[in-house]
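Numbering (numbering that gives the first Met the number 0), first residue to last: 0 to 531.
In what follows, a single structure is set out as structure tokens and then discussed.
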Amino acid sequence: MTPLICGFPLAPLWFMPAFARASVALLALGFAFSPEALALSKRDQAAVDSLNQRMQAAEARYRQGVVKIGNADPSGKGEVDASLEDMEDVMADCVKQKGCSATTMLTAYKRLLKQNADLAAGDEVPEDGAADDGDMLGADVPEAARAAALLSADGERFVKMVQYNPAVQASIRRWLTDMRGPLVDTYENYQYMRQLMWPQFERAGLPEALLFGVMAKESNGKVHSTSRAGAAGPLQFMYATGQRFGLGDDGSGFDTRYDARASAQAAATYFNERLGQLNRSIELSLAAYNGGEGRALRVYNGSGGRNFWDESVYNQFPAETRDYVPMVIAAAWLFLHPKEYGLTFPKVDAHPAMLRLNKPSSIYELTICLGNGGSRDGYMRALRNLNPRYKAESWLPAGTTLSATTRIVGLYNRWCLQGPRAELASTLVRSDASSAIVRTGPVTPLNDDEGEIEGGGVGTTGVSMPQASATKASRDKPRKPTSYTVKRGETLTAIAQKFQCDMGDLAKANKLKAPRYSIRPGQKLKLNGCEG
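Listed below in structure tokens is the structure:
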């Protein structure tokens with residue numbers, strides 16, 4: 000049953016980070032012990048005033064850290080983390096202090112929570128940080144919120160509602176053995192995209208663990224994943240289904256199924272629809288997501304509303320779906336309870352920031368010069384996931400703005416603008432394997448009047464003299480190519496490197512639109528400005 004405060008439904012606790020859950024508990028204490036109900040001594044009043052001042056200082060420090068992060072200052076992360084720790088200390092001291100109102104103390108944190116939600120949605124936040132807190136806890140929650148308790152952080156409730164049966168246990172075993180690597184990869188990939196995807200599920204009243212579980216089973220958090228059946232994106236929407244929920248070609252040739260934010264929003268809408276049809280059953284909704292919503296609805300109605308694990312329901316789904324449902328729930332369970340299983344997820348520095356290129360580059364080149372400092376596998380996957388419109392090899396002009404993190408921005412400024420590593424990255428990306436092949440040219444016979452080589456008879460064997468070839472080459476300098484026919488598998492970046500062209504000029508000469516610069520085999524390109 001959803002707890003209430005002042006008649007409003009309190010958002011389920013598993014939606015909140017640890018500090019937020021603690022804050023809600025303190026909020027409840029605040030209603031029980033208001034300052035007005037307590038007679039304070041001067042000493043107690045001074046202590047309360049001190050706590051208020053500490054909270055204000057922590058809030059100011061937090062905002063300063065956010066500004067630094069926005070300005071790509073690496074020290075901003077430390078400021079934000081330290082300020083949140085200060086707030087936790089203040090809240091803990093407030094509980095112990097007579098006359099301290101947790102409600103008042105929570106106001107600062109609520110403002111920051113609201114600010115973060117607005118930033119994630121792309122809204123502007125007033126400079127003074129003012130925000131209306133009236134609806135922070137009394138938000139309108141859709142029908143899915145009642146089913147969201149299925150993936151609660153409360154283990155006992157989760158076991159009771161999910162039917163923690165051998166199928167789910169077997170799936171947990173698989174995630175912790177031969178699929179542990181993909182599960183950890185999913186977590187790391189998700190952390191970079193979390194600020195894009197989680198707010199979409201949060202607004203829909205859906206648990207974050209459900210989002211993670213679906214992504215783990217569908218794509219391991221790789222936004223460019225495409226199945227043989229045609230499903231695409233981090234949440235693997237089929238094209239027709241994606242169109243129903245606002246996904247598809249956005250007019251520029253980009254398929255928004257590959258966009259983390261758009262696909263999460265579509266998935267949240269999809270699950271809310273299924274939950275409304277299927278008696279708020281997460282298992283049946285997952286079965287619909289994998290095996291088709293029409294089939295799931297027919298099975299549900301035909302069974303008289305029985306649950307997914309009922310034999311008459313379970314056996315009507317294909318083997319793939321019977322495997323899919325417990326695997327998603329198992330991944331969601333591990334997302335919520337990793338320590339119980341000895342599972343350690345990597346710490347990911349994913350504070351968002353914008354990276355403006357000071358010189359032409361590509362994601363491949365950035366991946367090399369950034370190195371892998373602070374990460375296990377480097378930053379190519381993070382850059383690709385955050386910038387799905389760009390191919391890894393696409394040549395991006397100076398001034399291009401990429402979505403990144405404060406860590407990536409700091410590494411870019413240190414390693415990618417100049418110096419040996421930047422030069423090495425540039426050399427490696429521009430290297431053309433075909434240029435390593437030594438070409439000797441055709442064999443040319445000598446004319447009779449060209450004579451013989453003195454001291455031997457090799458002049459009559461039909462092999463041209465090197466001196467004559469050199470003389471002829473000096474007379475006939477090769478022309479610069481003016482056009483080129485695209486071969487299968489080639490990209491505009493590779494062609495620009497092959498003929499030493501500026502890719503921007505090459506694209507402009509051939510009227511190719513950024514950012515995809517699409518070309519096709521057999522297409523003839525003008526090589527304006529190329530060296531050859």
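Using N, Cα and C, we set each Cβ at its ideal position, and we do this for glycine too.
#1: Beta carbon of residue 89, beta carbon of residue 50: below 8 Å?
#2: Spatial neighbours of residue 189 within its chain, please: CB distance less than 7 Å, with the 5 preceding and 5 following residues excluded, ordered by chain position.
#3: Looking only at C-alpha atoms, which of 369, 179, 59 sits nearest to residue 345?
#4: Determine the contact status of residue 362 and residue 388, defining contact as a CB-CB distance below 8 Å.
#5: For the region 166-178 and the region 317-334, state whether three or more C-beta atom pairs, one from each stretch, are separated by less than 8 Å.
#6: Nearest CA to the CA of residue 52: which residue from 93, 204, 68?
#7: State the beta-bridge partners of residue 366 as determined by DSSP.
#8: In or out: residue 66 buried (at least 16 other Cβ within 10 Å) or exposed?
#9: Can you give, in chain order, each stretch of the beta strand (DSSP E) that sits fully within the region 192-259 and has at least 3 residues?
#10: I'd like to know whether the C-beta atoms of residue 360 and residue 386 end up nearer to each other than 8 Å.
#11: Can you tell me whether residue 355 is helix, strand or coil according to DSSP?
#12: So residue 484 is in the alpha helix (DSSP H); what residue range does that whole segment cover?
#13: Can you check which of these residues, 270, 236, 483, is closest to residue 254 by C-alpha distance?
#14: Please determine, among 414, 222, 348, the residue with the shortest C-alpha to C-alpha distance to residue 262.
#15: Hey, could you find the ends of the beta strand (DSSP E) residue 523 is sitting in?
#16: Would you report the Cα separation of residue 251 and residue 197, rounded to the nearest angstrom?
#17: Relative to the C-alpha of residue 240, which candidate in 289, 280, 208, 194 has its C-alpha closest?
#18: Given this structure, state the Cα-to-Cα distance separating residue 170 from residue 335, to the nearest angstrom.
#19: Measure from the alpha carbon of residue 519 to the alpha carbon of each residue in 355, 511, 487, 506, then state which is nearest.
#20: Looking at residue 416 and residue 367, is the spacing between their C-beta atoms short of 8 Å?
#21: Quick check on DSSP: helix, strand or coil for residue 169?
#22: Give the secondary structure of residue 268 by DSSP, where H, G and I count as helix, E and B as strand, and everything else as coil.
#23: Kindly list the residues whose CB is nearer than 6 Å to the CB of residue 27, restricted to its own chain and excluding five residues on each side of it in sequence; keep chain order.
#24: What residue does the alpha helix (DSSP H) around residue 82 start on, and which one ends it?
#25: Just to confirm my understanding: we take residue 192, look at its own chain, exclude 5 residues before and 5 after, and list those with CB closer than 6 Å. What are they?
#26: Which word fits residue 365, buried or exposed, when buried means at least 16 other C-beta atoms lie within 10 angstroms of its C-beta?
#27: In the DSSP assignment, find the alpha helix (DSSP H) that holds residue 571 and state where it starts and stops.
#28: For residue 57, which residues from the same chain have a beta carbon less than 6 Å from its beta carbon, with the 5 sequence-adjacent residues on both sides left out?
#29: Can you grab the Cα-Cα spacing for the pair residue 256 / residue 63, in whole Å?
#30: Can you tell me whether residue 423 is buried or exposed? The criterion is at least 16 other CB atoms within 10 Å of its CB, across all chains shown.
#31: Starting from the Cα of residue 181, find the closest Cα among 492, 524, 326 and give me that residue.
#32: My assumption, with CB atoms under 8 Å, is that residue 307 sits in contact with residue 272. Please give the rounded CB distance.
#33: Apart from the five residues on each side of it in sequence, which residues of its chain come closer than 6 Å, Cβ to Cβ, to residue 400?
In short, the structure shows the following:
#1: yes
#2: 211, 214, 220
#3: 179
#4: no
#5: yes
#6: 93
#7: Answer is none; residue 366 lacks a bridge partner.
#8: exposed
#9: none
#10: no
#11: strand
#12: Segment 482-484 is the beta strand (DSSP E) holding residue 484; no alpha helix (DSSP H) there.
#13: 236
#14: 222
#15: 523-525
#16: 26 Å
#17: 289
#18: 15 Å
#19: 487
#20: no
#21: helix
#22: helix
#23: With a pLDDT of 41 at residue 27, under the threshold of 50, the modelled position of this residue cannot be trusted, and the question is left open.
#24: 74-95
#25: 259, 384
#26: buried
#27: Because the chain spans 0 through 531 in this model, residue 571 falls outside it and cannot be assessed.
#28: 82, 85, 86
#29: 36 Å
#30: exposed
#31: 326
#32: The pair is not a contact, with the Cβ atoms about 17 Å apart (cut-off 8 Å).
#33: 353, 355
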